Amino acid sequence: MIELFDLKFKNPVFLASGVFGFGLKYKLVTRAVGGIFTKGITLLPRMGNPPPRIYETCAGVINSVGLENPGVKEFKKHILPKIRKINNRIFVNVAGFSVEEYAQIIEEIGDTVTGFELNVSCPNVKEGGALFGQNPKMVAKIVKIVRKKTKLPLIVKLTANFCDPMIVAKASLESGADGISLINTIYGMAFDIHTKKPIIRGGLSGPAIKPFALYCVHRLKDLKVPIIGMGGIMSGSDAYEFILAGASAVAIGTAVLRDPYAPLRIIKELNFLLERGKNV
12 MIELFDLKFK
22 NPVFLASGVF
32 GFGLKYKLVT
42 RAVGGIFTKG
52 ITLLPRMGNP
62 PPRIYETCAG
72 VINSVGLENP
82 GVKEFKKHIL
92 PKIRKINNRI
102 FVNVAGFSVE
112 EYAQIIEEIG
122 DTVTGFELNV
132 SCPNVKEGGA
142 LFGQNPKMVA
152 KIVKIVRKKT
162 KLPLIVKLTA
172 NFCDPMIVAK
182 ASLESGADGI
192 SLINTIYGMA
202 FDIHTKKPII
212 RGGLSGPAIK
222 PFALYCVHRL
232 KDLKVPIIGM
242 GGIMSGSDAY
252 EFILAGASAV
262 AIGTAVLRDP
272 YAPLRIIKEL
282 NFLLERGKNV
């Protein structure tokens with residue numbers, strides 16, 4: 012059991028936004044984790060990017076899904092009630108393409124969830140996304156407007172693409188955010204050596220980015236706010252490293268593409284390490 016934002020969570024392992032959808036298919040996993048970050052929700056429905064959307068590298072995955080989702084109204088009416096029956100610790104990942112859209116989405120959802128994760132860091136869309144997250148003034152503007160719309164916990168999901176996450180984190184917290192999650196995927200691409208053309212451009216995740224993600228979390232630990240660490244966590248020992256680096260909790264992403272039940276194993280392994288760590 013952990014406490015964040017004056018709320019209790021059954022454990023510090025969450026499902027990261029995106030790779031697990033809305034957590035409805037593998038209910039055993041969704042029920043077991045401390046909380047879930049939903050797939051990114053936009054104001055209007057999105058079809059996402061054309062294929063190829065996923066490309067496996069030697070140490071991770073490049074994705075270019077492009078925020079495919081049913082839009083906030085459909086999400087609230089038909090999907091959110093189903094998630095709530097499985098796990099009521101729900102952070103809605105909010106993805107806007109303008110400052111106003113973030114506020115509209117949060118206003119539409121209201122106080123029916125645990126909190127919100129502001130996605131200002133998705134590298135797979137042409138507008139908003141990482142471009143917002145690289146600009147501390149823009150992030151501050153988004154947080155200030157959104158803060159007026161909700162009293163629920165606000166987490167800002169940061170990018171580390173070509174910017175210092177410390178600067179953006181401080182701007183977020185000074186503007187009303189309650190916590191930080193990081194890192195989102197970092198830019199990546201792959202080529203077809205036969206056609207000499209790119210196969211995919213998108214966000215790289217998985218073990219390849221873990222050392223960098225750990226560095227970013229550790230860099231922010233002195234801010235003394237809840238930090239949800241993520242980036243290449245494949246095992247309990249990976250998760251424990253993020254806790255040691257300063258994370259209050261962790262989120263699992265790419266690991267579930269290899270094994271949808273990986274969070275169950277990671278919870279068990281992490282609990283063992285946390286318990287053992289008390290006696291060291």
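For the sequence shown, our numbering begins at 12 and goes up steadily by one. Just so you know, even glycine gets a beta-carbon here, dropped at the ideal spot from N, CA and C. Predicted model, so just to flag it, every value in this text is computed and none were measured.
Item, Value
"Closest residue to residue 185 among 150, 115, 212 (Cα-Cα distance)", "150"
"Inter-stretch contact (C-beta, 8 Å, three-pair minimum) for the segment 202-222 and the segment 230-243", "yes"
"Any 3 or more C-beta pairs closer than 8 Å across the segment 37-49 and the segment 229-237", "no"
"Chain-order list of residues whose beta-carbon lies under 8 Å from that of residue 110 (same chain, five-residue window excluded)", "149, 152, 153, 156"
"Endpoints, alpha helix (DSSP H) assigned at residue 249", "247-256"
"Minimum C-alpha distance to residue 20 - residue among 101, 275, 39, 58", "101"
"CA nearest to the CA of residue 38, picked from 167, 285, 271, 279", "271"
"For residue 274, the first and last residue of its enclosing alpha helix (DSSP H)", "273-288"
"Coarse secondary structure for residue 50, derived from DSSP in three states", "coil"
"Nonlocal neighbours in the same chain, by C-beta distance under 6 Å from residue 13, ignoring five residues either side", "20, 23"
"Neighbour-count burial assignment, residue 71, 16 or more Cβ in a 10 Å radius", "buried"
"Burial state of residue 291 (16 or more Cβ within 10 Å)", "exposed"
"Three CB pairs or more closer than 8 Å across the segment 162-169 and the segment 182-202", "yes"
"Unbroken beta strand (DSSP E) run spanning residue 238, endpoints", "238-240"
"The segment 64-79 in contact with the segment 183-203 per 3-pair CB rule at 8 Å", "yes"
"Residue 179 versus residue 129: straight-line alpha-carbon distance, rounded", "13 Å"
"C-alpha distance - residue 85 paired with residue 204, whole-angstrom precision", "42 Å"
"CB of residue 224 within 8 Å of CB of residue 194, strictly", "yes"
"Through-space distance from residue 77 to residue 256, alpha-carbon basis", "30 Å"
"Proximity of residue 274 and residue 83 at Cβ, strictly below 8 Å", "no"
"Counterpart residues of residue 147 in DSSP-defined beta bridges", "Beta-bridge pairing links residue 147 to no other residue."
"Cβ pair residue 250, residue 231 closer than 8 Å", "no"
"Residue 163 and residue 124 closer than 8 Å at C-beta", "yes"
"Residue span of the alpha helix (DSSP H) that contains residue 113, given as start and end", "110-120"
"Whole beta strand (DSSP E) elements within the segment 174-247, 3-residue minimum", "190-193, 197-203, 208-216, 238-240"
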